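Undergrad: First the structure, then my questions, so here it is.
Protein chains: 2
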Amino acid sequence: MTPTRTPADGCLHNVEVPQPSLENNTADAERLAEALEKVLDGGPVHLGHAVVRRLPSMLRAADHRLRCAVIRYGGHWQVCGIRPADDAAPMTGLAVDLGTTRVVLRLVDLAGGETLAETAFDNPQIEIGPDILTRIHHAEKPGGLEQLQECVITGIGNALEALLTDSGRSPQDVFLTAVAGNTAMTHLFLGLEPRWIIREPYIPAVNRPELLTPRDVGIPMNDMGRIFVFPNIGSYFGGDLIAGILFSGMDTREQPAILVDVGTNAEVVLGNRDWLMACAGAAGPALESGVAGIGMMAAPGVIERVTIHPPDRRFELRTIGGLPPVGICGSGVIDLAAHLFISGMIDIRGRFVPEKCGDRLVKDENGIAQLVLVPAEKSGTGRDLTIGQPDLDSLMRSKAAMYTILETITDSVGLSMEELDKFFVAGTFGSLIDPVSAIRIGMLPDLPLERYEAIGNSSLGGATQILTDCSATGRVEAIRQRITYMELNVNQDFMNRFSAAKFLPHTHPERFPSVKVWG
Amino acid sequence: MTPTRTPADGCLHNVEVPQPSLENNTADAERLAEALEKVLDGGPVHLGHAVVRRLPSMLRAADHRLRCAVIRYGGHWQVCGIRPADDAAPMTGLAVDLGTTRVVLRLVDLAGGETLAETAFDNPQIEIGPDILTRIHHAEKPGGLEQLQECVITGIGNALEALLTDSGRSPQDVFLTAVAGNTAMTHLFLGLEPRWIIREPYIPAVNRPELLTPRDVGIPMNDMGRIFVFPNIGSYFGGDLIAGILFSGMDTREQPAILVDVGTNAEVVLGNRDWLMACAGAAGPALESGVAGIGMMAAPGVIERVTIHPPDRRFELRTIGGLPPVGICGSGVIDLAAHLFISGMIDIRGRFVPEKCGDRLVKDENGIAQLVLVPAEKSGTGRDLTIGQPDLDSLMRSKAAMYTILETITDSVGLSMEELDKFFVAGTFGSLIDPVSAIRIGMLPDLPLERYEAIGNSSLGGATQILTDCSATGRVEAIRQRITYMELNVNQDFMNRFSAAKFLPHTHPERFPSVKVWG
Chain F
2 MTPTRTPADG CLHNVEVPQP SLENNTADAE RLAEALEKVL DGGPVHLGHA VVRRLPSMLR
62 AADHRLRCAV IRYGGHWQVC GIRPADDAAP MTGLAVDLGT TRVVLRLVDL AGGETLAETA
122 FDNPQIEIGP DILTRIHHAE KPGGLEQLQE CVITGIGNAL EALLTDSGRS PQDVFLTAVA
182 GNTAMTHLFL GLEPRWIIRE PYIPAVNRPE LLTPRDVGIP MNDMGRIFVF PNIGSYFGGD
242 LIAGILFSGM DTREQPAILV DVGTNAEVVL GNRDWLMACA GAAGPALESG VAGIGMMAAP
302 GVIERVTIHP PDRRFELRTI GGLPPVGICG SGVIDLAAHL FISGMIDIRG RFVPEKCGDR
362 LVKDENGIAQ LVLVPAEKSG TGRDLTIGQP DLDSLMRSKA AMYTILETIT DSVGLSMEEL
422 DKFFVAGTFG SLIDPVSAIR IGMLPDLPLE RYEAIGNSSL GGATQILTDC SATGRVEAIR
482 QRITYMELNV NQDFMNRFSA AKFLPHTHPE RFPSVKVWG
Chain X
2 MTPTRTPADG CLHNVEVPQP SLENNTADAE RLAEALEKVL DGGPVHLGHA VVRRLPSMLR
62 AADHRLRCAV IRYGGHWQVC GIRPADDAAP MTGLAVDLGT TRVVLRLVDL AGGETLAETA
122 FDNPQIEIGP DILTRIHHAE KPGGLEQLQE CVITGIGNAL EALLTDSGRS PQDVFLTAVA
182 GNTAMTHLFL GLEPRWIIRE PYIPAVNRPE LLTPRDVGIP MNDMGRIFVF PNIGSYFGGD
242 LIAGILFSGM DTREQPAILV DVGTNAEVVL GNRDWLMACA GAAGPALESG VAGIGMMAAP
302 GVIERVTIHP PDRRFELRTI GGLPPVGICG SGVIDLAAHL FISGMIDIRG RFVPEKCGDR
362 LVKDENGIAQ LVLVPAEKSG TGRDLTIGQP DLDSLMRSKA AMYTILETIT DSVGLSMEEL
422 DKFFVAGTFG SLIDPVSAIR IGMLPDLPLE RYEAIGNSSL GGATQILTDC SATGRVEAIR
482 QRITYMELNV NQDFMNRFSA AKFLPHTHPE RFPSVKVWG
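So the protein lines, in turn, are chains F and X.
Just so we're aligned: 287 in the numbering used here is position 286 of the first sequence, and the numbers increase by one with no gaps anywhere.
Just so we're aligned: 45 in the numbering used here is position 44 of the second sequence, and the numbers increase by one with no gaps anywhere.
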């Protein structure tokens, strides 16, 4: 963990508001604002109507000593909650990773920054449309947008209330919510028309949403509170990625680092505290889950680790939860390919080598070569688990695309990959892949392993940081303004690189000195 | 009318938002904000969630040409409504004079600034409490504040909807509301605890309310809209007076001017474009309506003008609406006293002179001298309309207090009254009084008559100006910051002045060279 990812300067501030007198008889709101302005750096303090409504009696009941939750936004400080300073009830915040598929909530104590509870649920919009495109088309029907917004807001509200009930708290204890999602998901959360995001020239309704009140969207929290929604840079670079950059801390480092988030697209950010360059490209579904046949998202029984042991090419498989294997996830496929390659069972083009594969290599009813990973009698499905030549071909394209994207973006700023001081890999995928295997197949560059860091759910991590670090919103805005988005032009240069990367580990094996095949 | 009271730079701006392209693919909200920032001077443009929600489809339906209502507030511009530029439907604003007794609404076309409709109604809070003190005490009971807020908001809502229906418009056509009231009324309108306003050291909940959304208070208007509430300076200097200063334009004049607003209190502001000094004092009820017995607020049948003709001291009375007289209002009493004085019927101490009053002077059942203004057979009540010596004594105290306040405030800044370049008299009272009479009794200084200007409902006028002049909110803030509030200490100096002013026109008649008595 880099230091910037630990709570820095919290969102809570205790202030003693000067007692009024005939000499200092300015109003309560202005006295509180002035007291806070002395504690906080620069910029006026805005209280909001709901705070002012509660202020006079709370101020006097609390003997003029208040605990205030604040968030910095757009050159001012917004108060998003007040409590008597000696009130023992915790003031909490909610971080939301608003995924297309999965929504994750984390309840955080605004005082110390620690996580109080966490929960996740399938995005209820899936029932309306499994993917973003379907949902955007649905939003164009009468009432469709309202329906999509309502179902995700209701989902978040229900999950939040369950979280709160479980921990003996109420919505009145939640003062700040931070939401990170991609551009389309953010639009649906906000009830903004997503129609133009997917049509040339791909225009969002908004890049930088204003701070919202709970009533603006309908989240059950204290009505003094505020909702911070991560900005996006355009239709393709969402708030989830900005949250990821924030969480990685790469925007504060002197040395260049790279952040890779692999989903349906591979999203890549390169930079340091002075500049940031981003791009995204279709790396193919193979890296996440989409290997034909037995490919699956990470789940119990799914193969996540593959080792092939010399000298007899014995397969060792590790499944999630240690259950009988039912499929294989992206990290498992990468492991598998890496071991198939170093054991000589596939060649540098990713083709099965029959004499090395032996009995494991069979042909299916269509005459396609399949490697049996798990015979039917040992699998959790009662059928052979196999991986076919087309699956490997797909992986070869995906890993080549990934490497090409990395090479293109580093090259565009005049860096070599060796100069990357840190390589952050985000997401479940990042937590699961073994960098050694990813390097062996030439998907990731051959850097010293200590430079690789899996940072997990960086979107949720970035949202959490908004709740625990007063400087985070300023960094978000700086990141947004500093990012140069590079369109990946699939030109001759790109295609040449891609072709060169379609070998194991690469046409130029000297770039991967650590990769050694058997014997 | 001074030039500053005519609509200057309206709140509506037509903008052509650049069409998006692959080269300029920033979001709709940011393209609109940028286009507005080019039209408007300085400061960022904030759109608000309700505007962003409507923006994408409206922008495209309107071929990227929009009409936007904006208001400048606290260093930024707030958009409070958008319409397609060629939409013929008017965008309107609502000015509210939030009086303790009477609430006046004016519907204004934001395009040209002209008044579309006006209405007034008794403040429904009167049923809960006739005066501010009673209402504040009621607000301290459980549910009392909510009840007071709800009844005035409902009253405004109903009156607004009637206004709109009458003119074929809907709440959706109202984008900006400006509300001017005294500190207590403003608190009740906003649902803010007024409890501490009336208790030493007299602290309002807020001096400068933030811009509100319609939902914050419940006014039926377009949800993109905003509500501007005039700030107050403390418990005793309310937004209604700041609105009055704005409307008078005295804050933009090079030469010093004075503004007097007479109600239960006399409120006085003195200053120019560089400085403003304010004070308030109890001038006594006599000036408004409170002459015992026949004193009334201006209404049909009420005597508003009195002339006594030489040589036979014939009384000529003018009533509102020309109806048989039923009472006399403050301006009528001032006229009466002035004419009684110059005709010799009262002496310089305001005492009836029996030999000049003749038959008109009678004694009531308590032995108190009464002057018969209208005998029973000519009155609208079937009884004699009389004014007694105690009524005149009360008027003498009120007029002396008024003059003393004027003398004290001008003296405090080293000016003489003759240096007052302009003398604005606000309110119904200001519209009704005859400056000649007010000078004759020594209530107002003996300035050339052209310096006096009755500006009517200056509170409503100031609220209207917010709707029609983009620079008005900045002036309001400048006024608020510039005003020095002078506590009127009833010290020996004040008492000496007061005693000297308790003569007609004054102990020093040389200060009133224009005042000549008969013969």
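Where a beta carbon is used, it is the ideal one built from N, C-alpha and C, also for glycine.
If you're wondering where the values come from, they're calculated on a predicted model, not measured in any experiment.
Compare the Cα-Cα distances from Cys330(X) to each of Pro221(X), Gly431(X), Ala90(X) and report the closest residue.
TA: Cα-wise, what sits closest to Cys330(X) is Gly431(X).
Undergrad: By a C-beta neighbour count over all protein chains shown, 10 Å radius and 16 as the cutoff for buried, is Glu268(F) buried or exposed?
TA: Buried.
Undergrad: Please classify His340(F) as buried or exposed, where buried requires at least 16 other C-beta atoms within 10 Å of its C-beta.
TA: Buried, because 16 or more other Cβ atoms sit within 10 Å of the Cβ of His340(F).
Undergrad: Spatial neighbours of Leu247(X) within its chain, please: C-beta separation below 7 angstroms, excluding the five flanking residues on both sides.
TA: So the list reads Gly463, Gln466, Ala473, Arg476, Val477, Ile480, once near-sequence residues are dropped.
Undergrad: From Thr447(F) to Ile434(F), what does the alpha carbon distance come to, in whole angstroms?
TA: Reading off the sequence, residue 447(F) comes out as Asp, not Thr. Going by the C-alpha atoms only, they are around 15 angstroms apart.
Undergrad: Work out the CA separation of Pro311(F) and Ala502(F) for me, nearest whole Å.
TA: Roughly 27 angstroms between the two C-alpha positions.
Undergrad: Would you identify the three-state DSSP class for Gln256(F), choosing helix, strand or coil?
TA: Coil.
Undergrad: How about Gly145(F) and Ile129(F): are their beta carbons less than 9 angstroms apart?
TA: Going by C-beta atoms, Gly145(F) is nearer than 9 angstroms to Ile129(F).
Undergrad: Output yes or no for whether 9 angstroms exceeds the beta carbon distance between Ile304(X) and Thr320(X).
TA: Against a cut-off of 9 angstroms, the Cβ pair of Thr320(X) and Ile304(X) comes out as a contact.
Undergrad: Where does Cys81(F) sit, in a helix, a strand or coil, going by DSSP?
TA: Here Cys81(F) sits in strand by DSSP.
Undergrad: Kindly provide the ranges of any beta strand (DSSP E) runs that are 3 or more residues long and lie completely inside the region 115–176 of chain F, ordered along the chain.
TA: For the region 115–176 of chain F, whole beta strand (DSSP E) runs of length 3 or above, ordered along the chain, are 116–123.
Undergrad: Let me confirm a value: Arg73(F) is counted as buried when at least 16 other C-beta atoms fall within 10 Å, else exposed. Which label applies?
TA: Counting Cβ neighbours within 10 Å, Arg73(F) comes out buried, since at least 16 surround it.
Undergrad: Which residues in chain X sit within 8 angstroms of Asp29(F), going by Cβ to Cβ distance?
TA: The answer, in chain order, is Trp197, Ile204, Pro205, Ala206, Val207.
Undergrad: Assuming Arg55(X) is part of the beta strand (DSSP E), what are its boundary residues?
TA: No beta strand (DSSP E) holds Arg55(X); the alpha helix (DSSP H) holding it covers 50–62.
Undergrad: So with Cβ pairs under 9 angstroms, would you call Ser432(F) a contact of chain X?
TA: Closer than 9 angstroms: no.
Undergrad: Based on Cα-Cα distance, which residue from Gln371(X), Met92(X), Glu119(X), Pro325(X) lies nearest to Ser380(X)?
TA: Selected option, being the one with the closest Cα: Pro325(X).
Undergrad: On the three-state DSSP scale, how would you describe Thr7(X)?
TA: Confidence is the limiting factor: at Thr7(X) the pLDDT is only 40, short of 50, which leaves the residue's position unreliable, though a coordinate-based value still follows. Coil, per DSSP.
Undergrad: Among Leu421(F), Gly389(F), Gly94(F), Trp276(F), which one has its Cα closest to the Cα of Leu106(F)?
TA: If we check each option's Cα against that of Leu106(F), Gly94(F) comes out closest.
Undergrad: Helix, strand or coil: how does DSSP classify Glu194(X) here?
TA: In this structure, Glu194(X) counts as coil in the three-state DSSP scheme.
Undergrad: CB-CB under 6 angstroms to Gly457(X), same chain, minus the five flanking residues each way: which ones, in chain order?
TA: Within the same chain, Gly457(X) has close Cβ partners Ser432.
Undergrad: Report the residue from Leu374(F), Val261(F), Thr120(F) whose alpha carbon sits nearest the alpha carbon of Asp167(F).
TA: Nearest C-alpha to Asp167(F): Thr120(F).
Undergrad: Given that a residue counts as buried once 16 or more other Cβ atoms are within 10 Å of its Cβ, and exposed if not, what is Ala377(X)?
TA: Classification for Ala377(X): exposed.
Undergrad: Relative to chain X, which residues along the region 215–231 of chain F have a C-beta separation below 8 angstroms, given in chain order?
TA: Hits within the stretch, in order: Arg216, Asp217.
Undergrad: Considering Arg66(F), what are the terminal residues of the alpha helix (DSSP H) in which it resides?
TA: Premise fails: Arg66(F) lies in the beta strand (DSSP E), 66–74, not in any alpha helix (DSSP H).
Undergrad: Kindly indicate the opening and closing residues of the alpha helix (DSSP H) around Ile601(X).
TA: Nothing in the structure corresponds to residue 601(X), since chain X is present only between 2 and 520.
Undergrad: Nearest chain X C-beta to Ile211(F) closer than 9 angstroms, yes or no?
TA: A quick correction: the sequence has Glu, not Ile, at residue 211(F). For Glu211(F), the answer is yes, since a Cβ of chain X falls inside 9 angstroms of its Cβ.
Undergrad: When the Cα atoms are used, what is the spatial distance from Pro8(X) to Leu386(X)?
TA: A caution first: Pro8(X) carries a pLDDT of 40, below 50, which makes its placement in the model unreliable, though a value can still be read off. Their backbone Cα atoms lie some 45 angstroms apart in a straight line.
Undergrad: State the DSSP-derived secondary structure class of Asn458(X), mapped to helix, strand or coil.
TA: Three-state DSSP puts Asn458(X) in coil, outside helix and strand.
Undergrad: What does the Cβ neighbour count give for Trp78(F), buried or exposed, with the cut at 16 atoms within 10 Å?
TA: That one is buried.
Undergrad: What does a CB cutoff of less than 8 angstroms around His509(F) pick up in its chain, not counting 5 residues either side in sequence?
TA: Around His509(F): Ala501.
Undergrad: Report yes or no: do three or more beta-carbon pairs, one from the region 202–215 of chain F and one from the region 252–265 of chain F, lie closer than 8 angstroms?
TA: Cβ pair count under 8 angstroms is below three, so no.
Undergrad: Below 8 angstroms CB to CB, which residues in the same chain sit around Arg254(X) once its five sequence neighbours on both sides are set aside?
TA: Within the same chain, Arg254(X) has close Cβ partners Thr3, Asn273, Arg274, Asp422, Lys423.
Undergrad: Name, going along the chain, the residues of the region 57–83 of chain F whose beta-carbon falls closer than 7 angstroms to a beta-carbon of chain X.
TA: Here the close residues are Pro57, Ser58.
Undergrad: Run through chain X and tell me which residues come within less than 8 angstroms of Arg193(F), C-beta to C-beta.
TA: Rather than Arg, the amino acid found at residue 193(F) in this sequence is Leu. Going along chain X in sequence order, the residues near Leu193(F) (Cβ under 8 angstroms) are Val53, Arg54, Pro57.
Undergrad: For Met2(F), which of helix, strand or coil comes out of DSSP?
TA: Annotation note: pLDDT 35 at Met2(F) (below 50); position unreliable, no value reported.
Undergrad: Once the 5 residues before and after Arg209(X) are set aside, which same chain residues still bring their CB inside 6 angstroms of it?
TA: So the list reads Pro232, once near-sequence residues are dropped.
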